[in-house]
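Residue numbers (the numbering used here): 139 to 229.
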């Protein structure tokens, strides 16, 4: 079995590559919900729903929102709580 010698430069390079990969993963995960307030388009994309469905959630009181001028905002923590509260587990 051949022996490999690992140098400090090899370890430094490995550390840099590992940190870059971890940063990419964190950016990907935090990209889903990293903001406190989301616009309608962000919520539709996140939940994979249409504007009509989102409007229905608002009018039925399923999804609370804030309206400033003509813009509607949704609290990302509330969306996560609603999803968690409505989690269905197969028995």
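Even glycine gets a Cβ: it sits at the ideal position worked out from N, Cα and C.
Whole-angstrom C-beta distance between residue 217 and residue 181, which should lie under 8 Å
7 Å
Could you give the first and the last residue of the continuous beta strand (DSSP E) run that contains residue 204?
204-206
Could you give the distance in angstroms between the alpha-carbon of residue 189 and the alpha-carbon of residue 145?
56 Å
For residue 200, three-class secondary structure by DSSP
coil
In angstroms, rounded to a whole number, what distance separates the CA positions of residue 143 and residue 166?
35 Å
Would you mind sorting residue 152 into buried or exposed? The rule is 16 or more other CB atoms within 10 Å of its CB.
exposed
By the DSSP assignment, the alpha helix (DSSP H) with residue 216 in it spans what residues?
214-223
Under the assumption that residue 204 contacts residue 192 (Cβ atoms under 8 Å), give the Cβ distance between them as a whole number of angstroms.
Contact doesn't hold; Cβ gap of about 14 Å is too wide.
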